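Trainee: Position 156, counted from 1, in the sequence shown is what our numbering calls 157; the numbers after and before it change by one each time, with no gaps.
C-beta atoms are modelled at their ideal positions from N, C-alpha and C, and glycine is treated no differently.
Quantities reported herein were computed from a predicted structural model and do not represent experimental measurements.
Shown below is the structure under consideration.
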Amino acid sequence: MDTSIAISGIDDDPYLKNHLKICPDAIQAKIDSFAKAPGTIVDFGCGHGIKTIAMALRYPDAQVIGFDITDAHRRAQDFCKNRLEGGMPKNLRFQTVEPGTPLSQICQPDVIYSWSVLEHVSRKLLPAVLTDMFDALRPDGAVITQIAPLYFSPFGSHLKEFSDIKWIHLLESHEELRNRIYASPKSQGATGSAKWMFSRYEDLNRITAEELSQYFQAAGFSALSDERKTFDGDVPAPLLATYAEPSLRTFELNFVHGKSPLPQKRGLWPGRGAAR
């Protein structure tokens, strides 16, 4: 189902257009290619839950569940009440979970998707998170993963709103970067959105595309699709001397993983770092 039919004003609001059309279009394309007629779809780390609404509208015969460790998805419930004819879709529900809660004890999804989420998961938790996804997923299911921007890419700090200097987070010290962000004309100093966004930057796990691919393999998955977008411009020489060039250039990954038809040996988790 095209969500633009159900919800007016999408094209006039960049946030809604991104969360109700652009991102769901990409997710739906992967689902339709790798997981036909899913019965249960999980939005892992659903945040405000707007994308989750779109997926429920597009797959009315599936149960769509948004999971998050916060209750930010209340925004989606308010959105459905105020903007969606008929209110919240009957096939949609949200659930707040404690970090580490096994998904496999809650449902057996045909599809799990995470959109700009796994870069915020602690590396200490990643093995358990991906292993749990493997255990929860139905045998012919698919895990769809997107991350953009990746940490070592030009705007991998997630702070482009406050500084448009490429790789500034790798070129400046932590203190210099914080001072720059707080002093930005678009900032409110050490309060408001700049402070919140900088805290999010500090929590990034700095995963690279190659590392995440290895994490999935170690959890028992096999790659069904591996797409990476790269920056083609010049890279500062000091960074090339310090970090691996593919990590500096790769700014987006789009992965699809399924359960391997052959038994996989788990626990061979990759090391950390994009250093040369």
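1) Can you tell me which of SER34, GLU253 and THR53 puts its alpha carbon nearest to the alpha carbon of ALA155?
2) Quick one: Cα of ASP101 to Cα of THR71, how far?
3) Measuring alpha carbon to alpha carbon, tell me which residue in LEU205, ARG207 and ARG179 is nearest LYS196.
4) Checking the sheet assignment: what are the DSSP bridge partners for ARG278?
5) Along the chain, where does the beta strand (DSSP E) that runs through LEU119 open and close?
6) In angstroms, rounded to a whole number, what distance separates the CA positions of VAL236 and LEU85?
7) Note down the Cα distance separating LEU160 from ALA275, rounded to an integer number of angstroms.
8) Just checking my contact of SER115 with PHE35 at CB under 8 Å: how many whole Å lie between their CB atoms?
9) Mind listing, in chain order, the continuous alpha helix (DSSP H) runs of no fewer than 4 residues lying wholly within the region 45-105?
10) Taking C-alpha atoms, which residue in TYR152, ARG94 and ALA220 lies nearest to ALA245?
11) Considering just the uninterrupted stretch of the beta strand (DSSP E) at ILE145, what are its terminal residues?
12) Assign ALA228 to one of two classes, buried (16 or more other C-beta atoms within 10 Å of its C-beta) or exposed (fewer than that).
13) Quick one: any contact between the region 212-223 and the region 164-180, if contact means 3 or more CB pairs under 8 Å?
14) Could you pull out every residue in the same chain whose Cβ sits closer than 6 Å to the Cβ of ARG279, ignoring the five residues on either side in sequence?
Mentor: Taking the coordinates as given:
1) Sequence index remark: in the sequence shown, residue 155 carries index 154 (1-based). For the sequence presented, residue 155 should be read as Pro rather than Ala. Minimum Cα distance to PRO155 is reached at GLU253.
2) The residue you call residue 101 lines up with position 100 of the sequence shown. The residue you call residue 71 lines up with position 70 of the sequence shown. In the sequence as presented, Asp is not what sits at residue 101; that position holds Gly. Cα to Cα, the separation comes out at about 13 Å.
3) Position 195 of the sequence shown, counted from the first residue, corresponds to residue 196. That would be ARG179, whose Cα lies nearest to the Cα of LYS196.
4) With the chain represented from 2 up to 277, any question about residue 278 goes unanswered, as that position is not in the structure.
5) As a position in the sequence shown, residue 119 is number 118, starting the count at 1. Here LEU119 belongs to no beta strand (DSSP E), and DSSP marks it neither H nor E.
6) As a first step, residue 236 is located in the sequence shown; it is residue number 235 there, counting from the start. As a first step, residue 85 is located in the sequence shown; it is residue number 84 there, counting from the start. The alpha-carbon atoms of VAL236 and LEU85 are separated by roughly 46 Å.
7) In the sequence shown, counting from the first residue as 1, residue 160 sits at position 159. In the sequence shown, counting from the first residue as 1, residue 275 sits at position 274. Cα-Cα distance, rounded: 20 Å.
8) On the sequence shown, residue 115 is found 114 positions in, with the first residue counted as 1. On the sequence shown, residue 35 is found 34 positions in, with the first residue counted as 1. With 8 Å as the limit, SER115 and PHE35 do not qualify as a contact, their Cβ atoms being about 15 Å apart.
9) 51-59 and 75-84
10) Taking the first residue of the sequence shown as 1, we reach residue 245 at position 244. Of TYR152, ARG94 and ALA220, the residue nearest in Cα terms is TYR152.
11) By 1-based counting over the sequence shown, the position of residue 145 is 144. Unbroken beta strand (DSSP E) run through ILE145: 143-148.
12) Here residue 228 is taken as the residue at index 227 of the sequence shown, counted from 1. As written in the sequence, residue 228 is Glu, which differs from the Ala given in the question. Per the 10 Å Cβ criterion, exposed.
13) no
14) The question about residue 279 has no answer, for the chain in this structure spans 2 to 277.
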